[in-house]
Amino acid sequence: VLVVLGFCIAGGAGIHYLRYPEFEVAGMLIFRGELRRAFQKNLRLEQLTIALERTKNEEEWWKTVADAAREEPWVRLTWSGRQPPREIVLSPGEPHWSFQIALGEGEAIQVEGAAMESTGATVRPALDLIGFSQVLRRTLAARREHPALL
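If you number the sequence shown the way our numbering does, the last residue is 156 and the count never jumps.
Here you go:
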């Protein structure tokens, strides 16, 4: 038992001393709740996908997107290239970053957000913007191809 305990202590000290990034990431996933936060992000994207697939028209689709955006530390959401353009101001202040999602046919949704430290938004993990963009493109394209099926 002492040999195994000594081996574990020596191994732990070696890992700590070498500071391999893989071990730091594993430690964050296991001990700091990163695994749970990653799961929550994926779950929120899946819930958004289901909600968008259930919408009956583009108006309802946009409302669902806007409702999801209200849960994020975002400042503004704009749907351009369509008539009329849509814009929702989600919080006061100037944005610190922007992310544009090309929807095709000259349409895009632009997401603008605040700096995380200025919002104090640490309770909920931010939505994965790449995943968010894929969900929006896929569900809007499906909505337009088969409006009666969705």
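By construction, the Cβ of each residue, glycine as well, lies at the ideal position given by its N, Cα and C atoms.
Between SER86 and ILE107, the C-beta spacing is not below 8 Å.
Taking all protein chains shown into account, VAL10 has fewer than 16 neighbouring C-beta atoms within 10 Å of its C-beta and is therefore exposed. CA-CA distance, GLU100 to GLN116, rounds to 14 Å. In the DSSP assignment, ILE136 is bridged to no other residue.
Counted as a single uninterrupted DSSP element, the stretch harbouring ALA114 is not any alpha helix (DSSP H) but the beta strand (DSSP E) occupying residues 113-119. CA-CA distance, LEU51 to ASN63, rounds to 20 Å.
Between the beta-carbon of TRP80 and that of GLU111 there is about 24 Å, and that puts the pair past the 8 Å contact cut. The Cβ atoms of ALA121 and HIS102 lie closer than 8 Å to each other. Per DSSP, GLU100 lies in no beta strand (DSSP E) segment and is marked neither H nor E. For the 8 Å CB-CB criterion, VAL141 and THR55 form a contact. Under DSSP, no beta-bridge partner is assigned to ARG42. Counting along the chain, VAL81 sits inside the beta strand (DSSP E) bounded by residues 80-86.
Listed in chain order, the non-local C-beta contacts of ALA57 below 7 Å within the same chain comprise THR70, local neighbours out to five positions each way being set aside.
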